[in-house]
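Final position of the sequence shown in our numbering is 342; the numbers increase by one with none missing.
Here is the structure we will look at.
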Amino acid sequence: MKKEPKKNEKGEAKEESGFLDQTLRPSRWQEYIGQKNIKDNLQVLLSAAAERKHPPEHILFYGPPGLGKTTLAHLIAKEISAQMKITSGPAIEKVGDLASILTNLSPGDILFIDEIHRLNKTVEEMLYPAMEAGSLDIIIGKGPSARTIQLDLPPFTLIAATTRVALLSSPLRSRFSGGIFRLEFYTEKEIGEILKRSAKILGVEIHEDGIKEIAKRSRFTPRTANYLLKRCRDFAQVGKKSLDKNTVMEALSLLGVDERGLLASDRSLLDVIVNKFSGGPVGLNTLAAALSEEEATLEEFNEPYLIQLGFLERTPRGRTATIKAYGHLNIEAPSHLQEKLL
């Protein structure tokens with residue numbers, strides 16, 4: 001394995017950034033792989049806004065973690081040469097916090113709010129006139145002497161991201177007039193292209209079969225793929241090995257990532273359903289107690305990928321393991337599941 005310093009835009013070698021996730025983030029539209037439909041829509045939106053010499057309308061991105069919501073926000077800011085102020089839903093605790101952020105924006109700025117579904121309800125309601133009319137209503141004083149002051153805000157674009165769009169209120173969703181975009185999971189081919197680009201930036205020489213092996217286990221998510229690539233790089237570097245398929249398999253085995261991308265926690269979940277509860281159905285709270293894990297972790301992290309692979313079913317009575325899950329665990333499926341295939 002050969003590692004070289006990565007280069008800047010002029011081709012000059014420079015030291016690798018301490019924040020690798022930021023280093024691997026695409027900085028141009030051409031470098032952003034996947035989500036073609038969203039990119040096409042955004043380019044039309046941004047081009048039309050530029051012709052009108054007006055900031056783009058407010059945009060909402062939603063989807064599972066690690067698919068590129070924040071990256072898209074950065075790319076939009078670079079595309080329109082705008083300054084971007086970044087915050088998150090939990091960080092804006094009081095109305096005053098939001099007022100401070102909004103009044104410090106300059107014309108044409110982008111305000112990016114991550115995990116916007118975690119905004120305080122009172123703070124969220126303050127956003128409505130800011131998004132719709134470009135004004136901010138502030139109440140000064142208390143009781144009979146209280147009065148309202150309306151501040152005019154500079155034209156700005158709000159870009160929001162969330163992993164749980166269902167928790168956003170209908171009034172807030174309706175104010176994203178620029179569009180609400182759902183990011184889809186990536187294909188193995190797209191993940192492979194992302195890995196090639198990341199390997200080049202990191203100065204890592206990896207065989208084609210190694211890339212395919214990581215892509216296959218990446219859970220269709222770029223963030224996970226880049227994480228696995230970095231850990232495989234470390235393994236190859238310490239062991240003085242070439243980063244081929246065998247080395248990748250050794251590294252991922254050490255990490256506990258199997259051939260379908262399942263982690264130890266995923267396999268434990270399936271194992272408990274199959275061996276302790278006869279394949280289910282079993283309730284989420286019972287599963288959480290059996291695994292000593294939080295219900296939210298199982299529901300938001302483990303289950304979506306297992307359902308996507310067809311290893312798990314959610315039924316009104318609880319979670320049930322499928323015949324594919326039995327096959328993955330090398331356990332003979334019950335006769336009633338085998339009969340479904342006949």
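Glycine is no exception: its CB is placed at the ideal position from the N, C-alpha and C atoms.
**Asked** Do Ala225 and Leu343 come within 7 Å of each other at the CB atom, strictly closer than that value?
**Response** Outside the shown range of the chain, which is 1 to 342, sits residue 343, and nothing can be said about it.
**Asked** What's the C-alpha gap between Gly280 and Val272?
**Response** Residue numbering aside, residue 280 sits at position 280 when the sequence shown is read from its first letter. Residue numbering aside, residue 272 sits at position 272 when the sequence shown is read from its first letter. Near 9 Å, if we compare the C-alpha coordinates of Val272 and Gly280.
**Prompt:** For the candidate residues Ile101, Ile201, Glu188 and Ala199, whose alpha-carbon lies nearest to that of Val123?
**Reply:** Working through the sequence shown from its first residue, we reach residue 123 at position 123. Ranking Ile101, Ile201, Glu188 and Ala199 by Cα distance to Val123 puts Ile101 first.
**Which listed residue (Pro304, Val238 and Pro334) has its alpha carbon closest to that of Phe277** = Here residue 277 corresponds to residue number 277 of the sequence shown, with the count starting at 1. When each option's Cα is compared against that of Phe277, the closest is Pro334.
**Prompt:** What separation, rounded to the nearest whole angstrom, lies between the Cα atoms of Leu67 and Asp137?
**Reply:** The residue you call residue 67 lines up with position 67 of the sequence shown. The residue you call residue 137 lines up with position 137 of the sequence shown. Spanning the two alpha carbons is a distance of roughly 36 Å.
**Asked** Near Lys2, which residues of its chain fall below 7 Å by C-beta distance, leaving aside the five closest residues on each side in sequence?
**Response** As a working note, residue 2 is residue 2 in the sequence shown. Bear in mind that the predicted position of Lys2 carries a pLDDT of just 43, short of 50, making it unreliable; the figure below should be weighed with that in mind. Cβ neighbours of Lys2 beyond the five flanking positions: Glu205.
**Item:** Length of the line joining the Cα atoms of Ala215 and Trp29
**Value:** If you number the sequence shown from 1, residue 215 lands on position 215. If you number the sequence shown from 1, residue 29 lands on position 29. Answer to the nearest angstrom: the Cα atoms are 22 Å apart.
**Prompt:** My guess is that Leu105 and Phe156 are in contact by the Cβ rule of under 8 Å, so how many angstroms apart are they, rounded?
**Reply:** Taking the first residue of the sequence shown as 1, we reach residue 105 at position 105. Taking the first residue of the sequence shown as 1, we reach residue 156 at position 156. Sure, about 5 Å apart at Cβ, within 8 Å.
**Item:** Outcome for His54 when other beta-carbon atoms lying within 10 angstroms are tallied against a minimum of 16
**Value:** Numbered from its first residue, the sequence shown carries residue 54 at position 54. It counts as exposed.
**Prompt:** So which of Thr286, Val248, Asp244 and Leu167 has the shortest CA-CA distance to Arg231?
**Reply:** In the sequence shown, counting from the first residue as 1, residue 231 sits at position 231. The option with the nearest alpha carbon to Arg231 is Val248.
**Alpha carbon of Asp258 to alpha carbon of Ile180, nearest angstrom** = Locating residue 258 in the sequence shown gives position 258, counting from the first residue. Locating residue 180 in the sequence shown gives position 180, counting from the first residue. So the alpha carbons of these two residues sit roughly 35 Å apart.
**Assigned exposure category for Arg233 - 16 Cβ within 10 Å defines buried** = As a working note, residue 233 is residue 233 in the sequence shown. Under this definition Arg233 is a buried residue.
**Request:** Kindly indicate which residue of Pro90, Ile113 and Ser27 has the alpha-carbon position closest to the one of Phe61.
**Result:** Residue numbering aside, residue 61 sits at position 61 when the sequence shown is read from its first letter. The shortest Cα separation from Phe61 among Pro90, Ile113 and Ser27 belongs to Ile113.
**Prompt:** Looking at the unbroken beta strand (DSSP E) that takes in Phe235, where does it start and where does it end?
**Reply:** Indexing the sequence shown from 1 puts residue 235 at position 235. No beta strand (DSSP E) holds Phe235; the alpha helix (DSSP H) holding it covers Pro222 to Gly239.
**Request:** Drop a sphere of 10 angstroms on the beta-carbon of Asp266, count the other beta-carbons inside from all chains shown, and report buried for 16 or more, exposed for fewer.
**Result:** Counting from 1 along the sequence shown, the entry for residue 266 is found at position 266. Its Cβ being crowded by 16 or more others within 10 Å, Asp266 is buried.
**Message:** Can you give me the C-alpha to C-alpha distance between Glu93 and Ala288, rounded to a whole angstrom?
**Reply:** The residue labelled residue 93 in the question sits at position 93 within the sequence shown. The residue labelled residue 288 in the question sits at position 288 within the sequence shown. Near 31 Å, if we compare the C-alpha coordinates of Ala288 and Glu93.
**Prompt:** If you count every other CB in all the chains shown that lies within 10 Å of the CB of Pro64, and 16 or more means buried, which is it?
**Reply:** For the purposes of this step, residue 64 is taken as the residue at position 64 of the sequence shown. So Pro64 ends up on the buried side.
**Prompt:** Can you tell which of Leu153, Arg197, Ser27 and Ile59 has the C-alpha that lies nearest to the C-alpha of Ile38?
**Reply:** Counting from one through the sequence shown, the residue named residue 38 turns up at place 38. The shortest C-alpha separation from Ile38 is found at Ile59.
**Request:** Pull up the distance between the alpha-carbon of Glu188 and that of Arg197, whole angstroms please.
**Result:** Reading the sequence shown from its first residue, position 188 is the one you call residue 188. Reading the sequence shown from its first residue, position 197 is the one you call residue 197. Glu188 and Arg197: Cα-Cα distance of roughly 14 Å.
**Message:** For Thr163 and Arg147, what's the separation of their Cα atoms in angstroms?
**Reply:** The residue you call residue 163 lines up with position 163 of the sequence shown. The residue you call residue 147 lines up with position 147 of the sequence shown. The alpha-carbon atoms of Thr163 and Arg147 are separated by roughly 38 Å.
**Request:** Could you have a look at Ala82 and say whether DSSP puts it in helix, strand or coil?
**Result:** For the purposes of this step, residue 82 is taken as residue 82 along the sequence shown, with counting starting at 1. Coil.
**Request:** Could you tell me whether the Cβ atoms of Ala130 and Leu111 are closer together than 7 Å?
**Result:** For this step, residue 130 is matched to residue 130 along the sequence shown. For this step, residue 111 is matched to residue 111 along the sequence shown. No, the Cβ-Cβ distance between Ala130 and Leu111 is not below 7 Å.
**Prompt:** According to DSSP, what are the bridge partners of Tyr62?
**Reply:** Here residue 62 refers to the residue found at position 62 of the sequence shown. Thr162 and Arg182.
**Message:** Just to confirm the assignment, what range does the beta strand (DSSP E) spanning Gln35 have?
**Reply:** Counting from one through the sequence shown, the residue named residue 35 turns up at place 35. Unbroken run through Gln35: none, as it is neither H nor E.
**Ala91: first and last residue of the uninterrupted alpha helix (DSSP H) it sits in** = For the purposes of this step, residue 91 is taken as the residue at position 91 of the sequence shown. Per DSSP, Ala91 belongs to no alpha helix (DSSP H) and is neither H nor E.
**Prompt:** For Gly327, does the count of other Cβ atoms within 10 angstroms reach 16, so buried, or fall short, so exposed?
**Reply:** In the sequence shown, counting from the first residue as 1, residue 327 sits at position 327. That one is exposed.
**Item:** Glu193 versus Ile211 - alpha carbon distance
**Value:** Taking the sequence shown and counting its residues from 1, one reaches residue 193 at position 193. Taking the sequence shown and counting its residues from 1, one reaches residue 211 at position 211. The straight-line gap from Cα to Cα measures roughly 9 Å.
**Request:** Could you tell me the distance, in whole angstroms, from the CA atom of Thr23 to the CA atom of Gly203?
**Result:** What you label residue 23 is simply residue 23 of the sequence shown in a count that begins at 1. What you label residue 203 is simply residue 203 of the sequence shown in a count that begins at 1. If I take the Cα positions, the gap works out to 12 Å.
**Message:** Using the Cβ count rule (16 or more neighbours within 10 Å means buried), how would you classify Leu42?
**Reply:** Residue mapping note: residue 42 aligns to position 42 of the sequence shown, counting from 1. So Leu42 counts as buried.
**Request:** Go ahead and label Ile149 buried or exposed: buried means 16 or more other beta carbons lie within 10 angstroms of its beta carbon, across all protein chains shown.
**Result:** To locate residue 149, count along the sequence shown from 1; it is residue 149. With fewer than 16 other Cβ atoms within 10 Å, it is exposed.
**Asked** For Ile110, which residues does DSSP report across the bridge?
**Response** Within the sequence shown, the letter at position 110 stands for residue 110. The partner list for Ile110 (beta bridge, DSSP) reads Met84 and Thr157.
**Message:** Mapping the DSSP letters down to three states, classify Ser292 as helix, strand or coil.
**Reply:** To locate residue 292, count along the sequence shown from 1; it is residue 292. If DSSP states are grouped into helix, strand and coil, Ser292 belongs with coil.
**Asked** Mind checking Ile139: buried by the 16 CB within 10 Å criterion, or exposed?
**Response** Here residue 139 is taken as the residue at index 139 of the sequence shown, counted from 1. Its Cβ having fewer than 16 others within 10 Å, Ile139 is exposed.
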